[in-house]
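> Chains G and H supply the protein sequences, listed in that same order. Numbering-wise, numbering that gives the first Met the number 0 puts 59 at position 60 of the first sequence, and it's gapless, one number per residue. Numbering-wise, numbering that gives the first Met the number 0 puts 134 at position 135 of the second sequence, and it's gapless, one number per residue. I'd like to ask you about the structure that follows.
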Amino acid sequence: MADLGPSFNASVPKTGKNATKPQRKWVPAVLIAIAVLYLSLVLYIPAANVFVQAFSRGVGTFFKTLVRPDFLFAARLTLLMAAIAVPLNVGFGLCAALAIARRRFPGRAFVLSIIDLPFSISPVVAGLMIVLLYGRRGWFGSALEASNINIVFAIPGMVLATVFVSMPFVAREVIPVLEEIGADQEEAAKTLGANDWQTFWRVTLPSIKWGLLYGVILTNARAMGEFGAVSVVSGNIANKTQTLPLFVEETYKQYETEAAYSAAVLLALLAVVTLVLKEILERKTRIKDAN
Amino acid sequence: MVSSPQVDEFQKPPARKTFLTRLAQVPWTWRVTIGYLSVMLFLPLAAMFLKASTESPANFWRIATSPIALAAYDVTFTTAFVAALSNGLFGTLIAWVLVRYDFPLKRLFDASVDLPFALPTSVAGLTLATIYSDNGWVGSLFAPLGVKIAFTRLGVFVAMTFISLPFVVRTVQPVLTEMEKDIEEAAWCLGASDFQTFWRVVLPPLFPSILTGIALGFSRAVGEYGSTVIIASNTPFKDLIAPVLIFQRLEQYDYSGATVIGVVLLMISLVILLGINLLQAWGKRYG
């Protein structure tokens with residue numbers, strides 16, 4: 000965005016940093032120092048601490064946690080959460096984006112806010128709503144009990160909670176991309192005889208793929224990392240309803256700090272991978288913008 | 000609830016149709032969207048509001064304003080507000096530094112700002128509780144001064160600051176990038192001091208986005224559970240926040256208590272959301 004291209008620069012005198020305005024030299028240094036100090040206190044020291052604590056007693060304790068059955072179960076359950084929540088929310092997000100992005104209608108902003116709503120709701124309140132709906136004394140409680148289906152304090156409720164909190168990401172990332180590319184190519188494809196499916200698969204999808212992937216990565220990170228909402232509906236039973244984020248809290252409360260940090264370091268690695276992919280995708284979309 | 004009247008503007012064929020044929024013509028993308036939202040979002044919302052409506056207003060009011068609840072709101076909102084303000088100040092500074100200056104590893108600093116979005120909140124709570132405890136890396140610096148951070152309200156503040164950090168930076172950064180440097184230079188040429196230039200020229204156009212970022216961060220901090228529950232001692236009247244109170248009520252099978260406080264929290268979130276939308280509209284008019 001900031002680059003106006005070489006042809007533009009030729010006519011405008013180059014205004015480099017401090018070229019026209021003799022700034023006091025120490026101001027940037029002080030401001031940068033304050034920014035880095037603040038970020039260190041809030042982000043970097045805590046992040047570094049995760050890795051230090053996990054490996055300070057040697058990699059032996061780390062690997063000892065990795066083979067614990069309750070840890071392995073929690074890790075598998077975490078993967079399961081993402082494996083269900085991500086495809087569901089990708090399907091929804093794509094439908095919502097295709098339905099909303101290209102149209103102007105009254106109340107459009109309102110519909111967009113509704114899709115974003117799960118982000119404004121406290122995860123605990125999200126969990127509470129699921130308990131009130133599917134719990135024993137909830138709306139569907141007696142019907143579910145009669146047919147012997149457990150949702151709350153069981154895996155289905157945790158899936159519902161995970162889906163809820165990670166719902167908006169895909170729609171939110173894909174809608175602006177669809178708005179920007181416009182409908183010309185799709186209309187051309189349709190005029191040339193492509194059906195809806197072909198148009199979507201061959202024309203729309205290739206042009207939104209990076210935005211979509213970005214949404215998928217964010218959905219996945221949230222689905223694997225969600226704690227609050229899942230904690231409310233899970234009951235937190237080891238080897239039954241415990242995901243990795245819950246395992247971290249539970250082991251910490253039981254003074255098994257090493258185990259907590261071993262699991263935490265894996266989740267922190269997930270966060271780092273997420274950020275790296277995010278950065279790569281942002282760069283890819285930015286390069287596309289420039290062209 | 001949404002679609003039929005809105006769809007027909009792009010469905011050209013004749014205007015006279017019965018409601019049912021119109022309904023059949025709602026594109027399937029809309030049907031999936033509305034169906035999914037109904038099951039996943041509207042149904043749970045309805046369950047909570049209906050549960051709350053079974054309480055008599057007097058009872059609702061009694062639970063919502065019980066001393067323990069009032070203390071929890073106080074801790075939640077005051078602390079979230081201070082954390083959001085702190086991020087408002089330092090987030091703007093970070094955005095400024097990232098946009099205007101060049102320094103080594105700048106890209107890495109920039110990317111790392113999003114860490115709180117990606118790091119699971121229980122991990123954040125765990126590591127913050129360790130570092131800010133009395134014998135932790137940072138906590139031990141404050142302990143001799145008699146300042147305890149972890150397991151007090153200050154700990155809640157630290158956790159809330161962590162999770163709401165990216166919002167202000169990410170709302171201010173794009174506005175700052177788009178801003179023309181010429182105006183600043185003009186102000187400076189006309190004799191304004193650095194401070195005047197910043198206060199009168201740079202800050203006003205940034206203001207809507209700073210406020211939006213503060214509101215977004217505040218909203219996130221108010222609802223936060225994972226990191227705050229770990230770093231706080233969760234003692235009523237001291238550092239018990241509203242989401243933790245809801246959780247405790249549920250654990251005691253006090254569904255009415257949980258629901259009432261949940262509804263209060265949700266209504267406040269909706270008001271903040273409305274405020275954010277208005278702020279964003281204001282920001283657009285400015286740009």
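All residues carry an ideal CB built from backbone N, CA and C; glycine is no exception. None of these values were measured; they are calculated from a predicted model.
#1: Contact check, A82/H vs M159/H under 8 Å by CB: the rounded distance?
#2: Measuring straight from C-alpha to C-alpha, what distance separates V51/G and V215/G?
#3: List, in chain order, every chain B residue whose beta-carbon is nearer than 7 Å to that of N276/H.
#4: To be precise: take each residue of the region 218–236 of chain G, compare its Cβ to all Cβ atoms of chain H, and keep it if any distance is under 8 Å. Which residues remain?
#5: Excluding the five sequence neighbours on either side, which residues of its own chain have a C-beta within less than 6 Å of the C-beta of A228/G, listed in chain order?
#6: Using 8 Å as the limit for Cβ to Cβ distance, is A23/H near chain G?
#7: Return the Cβ separation of M157/G and M80/G in integer angstroms, given the expectation that the two are a contact with Cβ distance under 8 Å.
#8: In the DSSP assignment, the alpha helix (DSSP H) including T234/H goes from what residue to what residue?
#9: Which whole-angstrom value describes the C-beta separation of V262/H and V243/H, a residue pair presumed to lie in contact below a C-beta threshold of 8 Å?
#10: Excluding sequence positions up to five away, which residues of its chain have a Cβ less than 6 Å from the Cβ of N233/H?
#11: Taking only beta-carbon atoms, is V123/G less than 8 Å away from chain H?
#12: Along the alpha helix (DSSP H) that carries I150/G, what are the first and last residues, could you check?
#13: Around the C-beta of A57/H, are 16 or more other C-beta atoms found within 10 angstroms, so that it is buried, or is it exposed?
#14: Tell me which residues of the region 43–54 of chain G have at least one Cβ-Cβ distance to chain H shorter than 7 Å, keeping chain order.
#15: In chain H, what lies closer than 7 Å to W138/G by C-beta?
#16: Three or more C-beta pairs closer than 8 Å, one from the region 201–221 of chain G and one from the region 242–251 of chain G: is that the case here?
#17: T258/H: which of L215/H, L44/H, V137/H, T20/H sits nearest, CA to CA?
#18: For the region 94–171 of chain G, which segments carrying the alpha helix (DSSP H) assignment without a break, of at least 4 residues, lie completely within its bounds, in sequence order?
#19: Do the region 54–72 of chain G and the region 198–205 of chain G make contact, defined as three or more Cβ pairs closer than 8 Å?
#20: Counting along the chain, where does the alpha helix (DSSP H) carrying D253/H start and finish?
#21: Quick one: Cα of I150/G to Cα of V35/G, how far?
#22: Below 8 Å on the Cβ atoms is my guess for A267/G versus A96/G; work out the distance and round it to an integer in Å.
#23: Using a Cβ-Cβ cutoff of less than 6 Å, which residues in the same chain neighbour I62/H once the five nearest sequence positions on both sides are dropped?
#24: Tell me whether S206/G sits in a helix, a strand or coil according to DSSP, three-state version.
#25: From which residue to which residue does the alpha helix (DSSP H) around G234/G run?
#26: At a CB-CB cut-off below 8 Å, which residues of chain H make contact with A259/G?
#27: Report the neighbours of D133/H on chain G: residues whose CB is nearer than 9 Å to its CB, in chain order.
#28: If distances are taken between C-alpha atoms only, which option among R285/G, V275/G, V231/G, T284/G comes closest to V112/H?
#29: Report the option in A262/G, K277/G, G90/G whose CA atom is closest to the CA atom of A73/G.
#30: Could you check where the alpha helix (DSSP H) with Q253/G kicks off and where it finishes?
#31: Who are the near neighbours of A170/G in its chain, counting only those whose CB is closer than 6 Å to its CB and skipping five residues on each side?
#32: In the structure shown, what three-state DSSP assignment does F7/G receive?
#33: Using a cut-off of 9 Å between C-beta atoms, extract the partners of V162/G located in chain H.
#34: Closest to V181/G by CA distance: which of A222/G, R102/G, F168/G, T256/G is it?
#35: For the putative contact between L131/G and Y254/H, defined by C-beta atoms under 8 Å, what is the C-beta separation to the nearest angstrom?
#36: Determine, using beta carbons only, whether Y254/G comes closer than 8 Å to chain H.
So, to answer that:
#1: 4 Å
#2: 30 Å
#3: The question asks about chain B, but that chain is absent: this structure's protein chains are G and H.
#4: A220, M223, G224, E225, F226, G227, S230, V231
#5: Excluding sequence neighbours, A228/G sits near P122, A125, G126, A160, V164.
#6: no
#7: 7 Å
#8: Counting along the chain, T234/H falls outside any alpha helix (DSSP H), and DSSP gives it neither H nor E.
#9: Going by Cβ atoms, the distance from V262/H to V243/H rounds to 17 Å, so no, they are not a contact pair.
#10: L239, V243
#11: yes
#12: Premise fails: I150/G is in no alpha helix (DSSP H) and is neither H nor E.
#13: Burial is judged here by how many other beta carbons sit within 10 angstroms of a residue's own beta carbon; A57/H has fewer than 16 and is exposed.
#14: Look at the region 43–54 of chain G: the residues with a C-beta under 7 Å from a C-beta of chain H are I44, P45, A46, N48, V49, Q52.
#15: A46
#16: no
#17: L44/H
#18: 107–119, 122–133, 140–145, 154–164
#19: no
#20: Looking at the DSSP string, D253/H is not in any alpha helix (DSSP H), and its letter there is neither H nor E.
#21: 46 Å
#22: A267/G to A96/G, Cβ: 31 Å. No contact.
#23: Around I62/H: G256, V259.
#24: If DSSP states are grouped into helix, strand and coil, S206/G belongs with the helices.
#25: Run containing G234/G: none; DSSP gives neither H nor E here.
#26: L125
#27: Near D133/H there are no residues of chain G at all, since even the closest Cβ is about 15 Å away, more than 9 Å.
#28: V275/G
#29: A262/G
#30: Segment: none, Q253/G is in no alpha helix (DSSP H) and carries neither H nor E.
#31: G92, A95, A96, I114
#32: For F7/G, the pLDDT reaches just 39, beneath the cut-off of 50, and the residue's location in the model is therefore unreliable, although a value from the coordinates is still provided. Note: F7/G maps to helix in three-state DSSP.
#33: M39
#34: Contrary to the premise, residue 181/G reads as Gly rather than Val in this sequence. Among A222/G, R102/G, F168/G, T256/G, the Cα nearest to that of G181/G is on R102/G.
#35: 7 Å
#36: No, Y254/G does not count as interfacial toward chain H.
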